[in-house]
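In the UniProt record's numbering, the protein residues as written are 1 to 154. The structure appears below as structure tokens.
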Amino acid sequence: MLSAEEILNQETETTLPHFGLSDLNDFVDCLQKVGKDDYEKVCVLIKLNKRPVFFHAGKFTTNENNIWISKKEKAVDLFDHSSLYEKAINLNNESEFFTSSGLSPKDVAIVGGGLPIFVADTGIVGSLIISGLTDEGDHNLGYQTLVTFKKSLQ
């Protein structure tokens, strides 16, 4: 498992120069290329300004993946960090997290797969939420997609 510091470094490393609706098709193409065969094993939600702009349900996914998407999405929206970061800082204290925050594990998941989309000099403009692999696998697919997409913009 990545440490909280490593995850924060990833968030900084994947800050994009720009990201908007005009980038969406290229971003999805990048996700498909990075995901390869895993792309059909995941559900993907991409949001811009808290608005859903893309959803993919891979042919090997179920409604359970949609439920996890919703829970991870809420974690990113509430805390402005990746859902894996929330897991890392609350490692071994998940029940305390839910008790102290007043949130319910029925609504929010602090597991990997939800990543904020940062733009330089702007902040968070959206999120990339993935469900279908292990939580660290979901996070890594999102992270690798953001890294690869950022390289394509330079």
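Every residue gets a Cβ at the ideal spot worked out from N, C-alpha and C, and that includes glycine. Computed from a prediction, not measured in an experiment: that's the story for all the values here.
Who are residue i's beta bridge partners in DSSP?
i    : result
P116 : S127
P105 : DSSP output for P105 lists no bridge partner at all.
V44  : H56 and I130
L21  : DSSP lists no partner for L21.
L141 : Paired residue(s): none; L141 is not in a bridge.
Measure the alpha-carbon distance for residue i versus residue j and round it to whole angstroms.
i    : j    : result
V42  : N66  : 10 angstroms
D29  : T148 : 11 angstroms
P17  : V53  : 19 angstroms
G102 : K71  : 15 angstroms
F19  : S95  : 36 angstroms
G58  : S131 : 10 angstroms
G123 : I117 : 8 angstroms
K47  : S22  : 13 angstroms
Q154 : D26  : 14 angstroms
G112 : E136 : 5 angstroms
Q10  : V108 : 22 angstroms
D121 : T15  : 10 angstroms
F98  : S104 : 6 angstroms
L24  : L45  : 12 angstroms
S100 : K150 : 37 angstroms
K87  : G114 : 11 angstroms
E91  : T145 : What sits at residue 91 in the sequence shown is Leu, not Glu. If you take the alpha carbons of L91 and T145, they lie about 26 angstroms apart.
Could you check how far apart the C-beta atoms of residue i and residue j are, in whole angstroms? I think they sit under 8 angstroms.
i   : j  : result
L84 : I7 : 6 angstroms
In or out: residue i buried (at least 16 other Cβ within 10 Å) or exposed?
i    : result
T134 : exposed
L31  : buried
F60  : exposed
T62  : exposed
S82  : buried
N140 : buried
D37  : exposed
E73  : buried
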